[in-house]
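Just below is one structure, and these are the notes that go with it.
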Amino acid sequence: MKNNNVIEVENLTKKFGDFTAVNSISFEVKKGEIFGFLGANGAGKTTAMKMLIGISKPTSGKAQVAGFDVFTHPEDIKKNIGYMSQKFALYDDLTVKENITFFGGIYGLSRAKIKEKRNELVEELGLEDIVNELVGSLPLGWKQKISFSIALLHSPTIVFLDEPTGGVDPITRRQFWEMIYKSANSGTTIFVTTHYMDEAEYCDRVSIMVDGKIEALDTPKKLKEQYKADNMNEVFLKLARG
Amino acid sequence: MKRFIGFIKKEFYHIFRDKRSLFILFGMPIAQILLFGFAITNEINNVDIAIFDKSNDATTQEIIQKISASKYFSIKQNITNEAEIETVFQKGNVLAVLVFEKDFKKNLTKDNAAKVHVITDATDPNTANSITNYISAIIGSYQKEINKNSTLEYQIETKSRMVYNPELKSVFMFVPGVMTIILMLVSAMMTSISITREKELGTMEILLVSPLKPFQVIIGKVIPYIFLSIINAVVIVILSIFIFKMPVQGSLFLLALESVLFIITSLSLGILISTVSATQQTAMMISLMGLMLPTILLSGFIFPISSMPLPLQVISNIIPAKWFILILKGIMLKGVGLAFIWKETLILFGMTLFFIALSVKKYKIRLE
Chain C
-10 MKNNNVIEVE NLTKKFGDFT AVNSISFEVK KGEIFGFLGA NGAGKTTAMK
40 MLIGISKPTS GKAQVAGFDV FTHPEDIKKN IGYMSQKFAL YDDLTVKENI
90 TFFGGIYGLS RAKIKEKRNE LVEELGLEDI VNELVGSLPL GWKQKISFSI
140 ALLHSPTIVF LDEPTGGVDP ITRRQFWEMI YKSANSGTTI FVTTHYMDEA
190 EYCDRVSIMV DGKIEALDTP KKLKEQYKAD NMNEVFLKLA RG
Chain H
-9 MKRFIGFIKK EFYHIFRDKR SLFILFGMPI AQILLFGFAI TNEINNVDIA
41 IFDKSNDATT QEIIQKISAS KYFSIKQNIT NEAEIETVFQ KGNVLAVLVF
91 EKDFKKNLTK DNAAKVHVIT DATDPNTANS ITNYISAIIG SYQKEINKNS
141 TLEYQIETKS RMVYNPELKS VFMFVPGVMT IILMLVSAMM TSISITREKE
191 LGTMEILLVS PLKPFQVIIG KVIPYIFLSI INAVVIVILS IFIFKMPVQG
241 SLFLLALESV LFIITSLSLG ILISTVSATQ QTAMMISLMG LMLPTILLSG
291 FIFPISSMPL PLQVISNIIP AKWFILILKG IMLKGVGLAF IWKETLILFG
341 MTLFFIALSV KKYKIRLE
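Chains C and H, in that order, give the protein sequences. Going by the numbering used here, the first residue of the first sequence is number -10, and it counts up by one from there. Going by the numbering used here, the first residue of the second sequence is number -9, and it counts up by one from there.
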């Protein structure tokens, strides 16, 4: 993998029968970058992301994630990435502590390492009072933060966030983006899909998918200039409406 | 391996923190076995009957004496006219009325033939049938007694002996059935629900993105249920031995091995169900309607397979429970060894492989 790209995708395609969900997309993501992956529902961004995280096999094309080929080494990719789904999936009937221990465990962290990471997390997020509470009893904002922290538990090269801010209030969203910035600053690459166009402005670069193709890819500033728009929302509407 | 232990620990947290699944796991087996053992039975015991004795002579008295002396019947009342027969049935006082014809003894000694009429309440046909058979048997044995001295030429005597369950205890028939149902319920339904729950919550996705391999995820989810099913099987066997005096004629070791085989068959069915259903509700419906119902109806647990219409008999062959019940009856009641049940064992084994292969295939399609 040349220079410091952590994701390199070339003509990646996914077909389901006659339907082409992802049509020959190509892009690169640099280390430490916050890469926004935008698109309307059904534009193919979830399918594209599933190929990158190794749970869906591409039909054709080339892709490398964290230095590993998605066709031949999906298992190595899995060890080097973190993933947070839009459902903030944690186990509701386990406590915060048990969730951290469990997810640390399946990534093969040692007991001592898990303990160290857990204490770090408790301090950083101020979890002292809720660490022994069942996750099911916590408000959504907490679940979101914990879910993100758990995705980072094994210090992955890249973390994939699938619509990580759905259903939470603007203040919590703001706080969440601060967490994203913080981990990007420490060198973690962030690959994030979102519906919120104001969030697209926070990304270093964004790609916009329409009908399985990447129609635009640049910094938010340049995209706004190119499409003569005041904000990303206008850019998106211009693209999506053709 | 360490990852695995963490996974199984988590699975036990799920089970022990959910009261509903705890109840299904441990309350249900005990409740069912006691229910089937004590309440649901097709033996007759102390059935109330009425007597309408039109002749009231020495012979009828002797027969009545014999009937009331048996533990199967108790004579509730004596009737004195025809109209009353209808009334006692309608009131539901008795399940059968015994009518002796007029001049019973005279007819018997003079014409060598006397008539006794057994009228039964056939709203419950099985019981009615048993009552008729029991009464005929008692009268038949009385007849033999009085014929002892007279020499009848060319007499065919039928002697029957009920082997393996000489007292015809229905609990012996139900225990293998209940055990089968429970193991099926725990293994197939509970696993399919627990796997689909992860799908519903979205945690399955997280697990698939993790370095755990899909088969590790599935095995991790299944192991706790193997463990709990074995405990259940042990509880059922202990209950049936100590409470219902069910004999285990064959080897306990073989019984254990066969049970583990059936548990794995059911688990593989559970996995298969979870690959085709997206929600817990669907998984539960498929398990109940597609699995439990045919198992109860077609496995020979309640309805004998030999008296089913041919198409159903053919279908019953694809029900894993049918084979396991045969194995259980073989080991527990007949005391046979593997030499006699290898065919059934092989069929179960084949079914298990088939279900696992099918699940793996479905699972792959889903991942594509």
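Built from N, CA and C at the ideal position, the CB exists for glycine as well. Predicted, not measured: the structure shown is a model, and the values here were computed from it.
Chain C contact residues for residue i, given Cβ-Cβ distances below 8 Å
i, result
"P201 of chain H", "E64, K67, K68, I95, Y96 and G97"
"K0 of chain H", "Y80, L83, E87 and F91"
"F(-3) of chain H", "F91, G94 and I95"
"T193 of chain H", "A78, L79 and Y80"
Bridge-paired residues (DSSP) for residue i
i, result
"H184 of chain C", "Partner(s): none; H184 of chain C has no beta bridge."
"H143 of chain C", "BP columns for H143 of chain C are empty, so no partner."
"M198 of chain C", "C:G28 and C:I203"
"F5 of chain C", "C:F8"
"Y72 of chain C", "C:F149"
"T122 of chain H", "Partner(s): none; T122 of chain H has no beta bridge."
"I209 of chain H", "Its beta-bridge partners do not exist; DSSP assigns none."
"A359 of chain H", "Nothing about residue 359 of chain H can be reported from this structure: the residues present for chain H run from -9 to 358 only."
"A52 of chain C", "C:V(-2)"
"N68 of chain H", "H:I41"
"T178 of chain C", "C:I147"
"V124 of chain C", "Per DSSP, none; premise fails for V124 of chain C."
Where residue i meets chain H, residues with beta-carbon distance less than 7 Å
i, result
"E87 of chain C", "Y3"
Neighbouring residues, chain H, relative to residue i (Cβ below 9 Å)
i, result
"D82 of chain C", "Y3, H4, R7 and D8"
Residue burial classification, residue i (beta-carbon count within 10 angstroms, cutoff 16)
i, result
"K9 of chain H", "exposed"
"H143 of chain C", "buried"
"I308 of chain H", "exposed"
"M221 of chain C", "buried"
"E358 of chain H", "Summary for E358 of chain H: the model assigns pLDDT 46, below 50, so the residue's position carries little reliability, and this model does not support an answer."
"M(-10) of chain C", "Annotation note: pLDDT 47 at M(-10) of chain C (below 50); position unreliable, no value reported."
"Q271 of chain H", "exposed"
"I263 of chain H", "buried"
"M38 of chain C", "buried"
"W238 of chain C", "Lying outside -10 to 231, the shown extent of chain C, residue 238 of chain C is not represented and no answer is given."
"R163 of chain C", "exposed"
"R230 of chain C", "exposed"
"I221 of chain H", "exposed"
"L175 of chain H", "buried"
"L173 of chain H", "buried"
"I53 of chain H", "buried"
"A55 of chain C", "buried"
"V224 of chain H", "exposed"
"I(-5) of chain H", "exposed"
"P128 of chain C", "exposed"
"M(-9) of chain H", "exposed"
"R100 of chain C", "exposed"
"V304 of chain H", "exposed"
Beta-carbon neighbours of residue i, restricted to chain H and to distances below 8 Å
i, result
"I42 of chain C", "V199"
Under 7 Å by beta carbon: chain C residues contacting residue i
i, result
"I196 of chain H", "Y72, S74 and A78"
Interface residues of chain C facing residue i [CB-CB closer than 9 Å]
i, result
"K(-8) of chain H", "G94, G97, S99 and R100"
Selection of the region 128 to 143 of chain C by Cβ proximity to chain H, strictly under 7 Å | none
Could you tell me which uninterrupted alpha helix (DSSP H) segments, each at least 4 residues in length, are contained entirely in the region 234 to 282 of chain H, listed from first to last along the chain?
-> 242 to 266 and 270 to 275
Taking only beta carbons into account, state which residues of the region 4 to 25 of chain H come closer than 9 Å to chain C, listed in chain order.
-> H4, R7 and D8
Which ranges would you report for the alpha helix (DSSP H) in the region 164 to 192 of chain H if only whole runs of at least 4 residues count?
-> 181 to 191
May I have a chain-ordered list of the beta strand (DSSP E) segments no shorter than 3 residues that lie completely inside the region 17 to 58 of chain H?
-> 37 to 43
May I ask you to list, following chain order, the residues of the region 162 to 175 of chain C that have a beta carbon less than 8 Å from some beta carbon of chain H?
-> none
Residue ranges of each beta strand (DSSP E) run of no fewer than 3 residues wholly in the region 279 to 344 of chain H, ordered along the chain?
-> none
Chain-ordered residues of the region 248 to 261 of chain H with a beta carbon less than 7 Å from chain C = none
If contact means a Cβ-Cβ distance below 8 Å, which residues of the region 26 to 41 of chain C contact chain H?
-> none
Got a sec: which bits of the region 305 to 325 of chain H sit with their beta carbon under 8 Å from any beta carbon on chain C, in order along the chain?
-> none
Listed in chain order, which residues of the region 209 to 224 of chain H have Cβ atoms closer than 7 Å to some Cβ of chain C?
-> none
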